[in-house]
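What follows is a short report on a single structure.
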Amino acid sequence: MTDRWALAPAEDGGADVVPLGPDGLPAGPVRREPDLAGAVRSRPDVTRWVWRSTAEVYPRLLAEGVRVERCYDIEDAETLLLGHEGHHGEPRSAAAALARLRGGPVPPDPPQRPAAPGAQSPLFEPQGVPLPLTDLLTVYAEQQRRHERTAHPDRMHLLTTAESAGMLVAAEMNRAGLPWSADVHRRVLRELLGERYAGGGEPRRLAELADEVSAAFGRRVRPDLPAEVVKAFARAGIKVRSTRRWELQSVDHPAVAPLLEYKKLYRIWVAHGWAWLQDWVREGRFRPEFLAGGTVTGRWVTNGGGALQIPKVIRRAVVADPGWRLVVADADQMEPRVLAAVSRDPGLMEVAGRPDDLYQSVSDRAFSGDRAQAKLAVLGAVYGQTSGDGLKNLAALRRRFPRAVAYVDEAARAGEEGRLVRTWLGRTCPPAAGSAEDDATQEAGLPQDEPEERAAGQGWVPGYASGDVRARGRFARNFVVQGSAADWALLMLAALRRSCRDLAAELVFFQHDEVIVHCPEEEADTVVAAIREAADLAGRLTFGPTPVRFPFTTAVVECYADAK
């Protein structure tokens, strides 16, 4: 009996299923099952299901209490393969893949639907064009051949497997939701913002701060309008280009303090205020729609809800169920560890394999014990800070860790020349253009505009204009590290999910290098150990045998805010 089956949902609520042989081709006749969940439930020995889209199938299975061990997401694999082949941005649907294979007109991908606030299963509605199972398997078989034509087939197979596992984790997290106390959230909002006024106007504290800003300028100024604030400073003889925090902090004017406080509280009111609470929290759970691999680097995003930007003060509302705990785990100094693993720099691998603080170890070797300078140097090498003090720090880093610096230098050069740049497993960064540049701004840690400034049409980021060759190089330099870290994180999540399958514990949150597991108090120690083991396994699977360690700092808490 084969342990790999293909599945295609039918319009009548059933499904077509067929066993697959080692070559990915049907190993038996296609069977029509009257019930989708029943088709999967009746085959417990199947370890991997091949289907068009996890978003199409898995939420429906979860709604029926059915979980699967592994899957292969054809449309997600198509995205990765297209990128690897230099066709990033082309339609990724299975229907488009079939059309390309047969030489026909390629249909466009459907537009991404908006998020559904507070929905129990936000991915329930399928997207894209369903295909008959026989056509789906034609696409799948060709994808297996395309894997073999990549530079490192084994790594590419591992990447598509890991990304499919990430899709399962994301769907399960969407279903579970993040524990959230609406009462605590309301109490925090009242403490920060004061009373709400009728009609949806600004709450009391924001109104008071707006009055203070106006008083400081000697005339009425709306602090939520950046252009108006810039003009007010100009009238006071102070030239500022924007209302970004880093620029205002250097200004000596009585309006600065209330303005900065207003901006901080305004973001909380707009992004996580009472309206957000009403829209996104239901029955003690916040259910954002996690999208695995939502950016060019492979980092996750959410479709609505702002789950990856929860302010620290609002984290007080993330509270475990009675008798349960939150195991909050942060990967320690992930970027330099990944750089060590992908560059194979002997000195940096040795440092990254020690139980000591990595930045302190780097500082002892290259910066006379100055940890802060060592951290700036390492992150500068990754993010492209190669001028001023950054250039001097980079030179010191290059002397002690030449292969590590050469690795990111070569990636930057490739980006500047318009060549394709890949992560260790084969995720591909195209030459930056359009939305890819937007991802670069967000993912590479370059200065970002604040929400209200974007709304005011001031969203241009200095140094990252369209066609900026140096900016493309900076992003490529960063991509090979952060993208490889995202690949590692997928395998870590897959391993952790597998370890928790026989526990009551549930993964409820993931953000770049942080994961939260919600579990009964008595399972907390088991989960902590599982996270550590998952990180070690992911390191071996992703990068092969290296001395590099990938430790986590974990905290077992009742409230998310207590973890840091």
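Numbering (my numbering), first residue to last: 109 to 672. Backbone N, C-alpha and C fix where the C-beta goes; we use that ideal spot for every residue, glycine too.
By the 16-neighbour rule on beta-carbons within 10 angstroms, R445 is buried.
Apart from sequence neighbours up to five positions away, the residues of its chain that approach L170 with a beta-carbon distance below 8 Å are S229, A279, E280 and R283, ordered along the chain.
Under the three-state reduction of DSSP output, Y305 falls in the coil class, being neither helix nor strand.
Around P137, the same chain offers V126 as residues with beta carbons nearer than 8 Å, after the five sequence neighbours per side are excluded. Look at F325 here: in three-state DSSP terms it is helix. In the DSSP assignment, I422 falls outside any alpha helix (DSSP H) and carries neither an H nor an E. Around G194, the same chain offers L528, T536 and P538 as residues with beta carbons nearer than 8 Å, after the five sequence neighbours per side are excluded. Taking the C-beta atoms as reference points, E443 is found nearer than 7 Å to V490.
Under the three-state reduction of DSSP output, D465 falls in the coil class, being neither helix nor strand. Just so you know, the alpha carbons of V158 and W532 end up roughly 25 Å apart. DSSP places I346 outside both helix and strand once states are collapsed to three, so it counts as coil. Between the segment 619-637 and the segment 474-482 there are fewer than three inter-stretch CB-CB distances shorter than 8 Å, so the stretches are not counted as touching. Non-local C-beta neighbours of K500 in its own chain, meaning closer than 7 Å and more than five positions away in sequence, are absent. Under the three-state reduction of DSSP, V427 is assigned to strand. Between the segment 128-145 and the segment 159-179 there are three or more C-beta pairs closer than 8 Å, enough to call the two in contact. Look at L333 here: in three-state DSSP terms it is coil, with no helix or strand label. Nearest to Y180 by alpha-carbon distance, out of S289, L244 and G326, is L244.
In the three-state reduction of the DSSP assignment, V409 falls in the strand class. Taking T187 as reference, the option from A383, A204, R353 and D332 with the minimal CA-CA separation is A204.
Closest by C-alpha distance to H265, out of A638, R349, G285 and D595, is D595. Only buried fits Y370, as 16 or more other CB atoms lie within 10 angstroms of its CB. Note on geometry: alpha-carbon atoms of R200 and L367 lie some 45 Å from one another. Non-local C-beta neighbours of E641 in its own chain, meaning closer than 6 Å and more than five positions away in sequence, are absent. Per DSSP, the unbroken alpha helix (DSSP H) holding L456 starts and ends at P454 to A460.
If you look at T246, you'll find it isn't in any beta strand (DSSP E); it sits in the alpha helix (DSSP H) that goes L241 to E256. Under the DSSP definition of a beta bridge, P653 lacks any partner. Rounded to whole angstroms, the Cβ separation of A437 and T662 is 4 Å, and the two are in contact under 8 Å. Counting the other CB atoms within 10 Å of its CB gives A480 a total below 16, which places it among the exposed residues.
According to the DSSP assignment, Y491 belongs to the alpha helix (DSSP H) that extends over R479 to Y491. For the set V174, D644, R149 and E666, the Cα lying nearest the Cα of F658 is the one of D644. With respect to G581, G652 sits apart: the two C-beta atoms are not nearer than 7 Å. DSSP, reduced to helix, strand and coil, places D131 outside both helices and strands of the structure shown, so it counts as coil. Taking 8 Å as the upper bound for CB-CB distance, R511 and D429 are not in contact here, some 48 Å apart. The residue from R343, V337 and D217 with its alpha-carbon nearest to that of R352 is V337.
In terms of Cβ geometry, G274 and L487 do not form a close pair [threshold 7 Å]. Here the alpha carbons of Q493 and A485 stand approximately 8 Å from one another.
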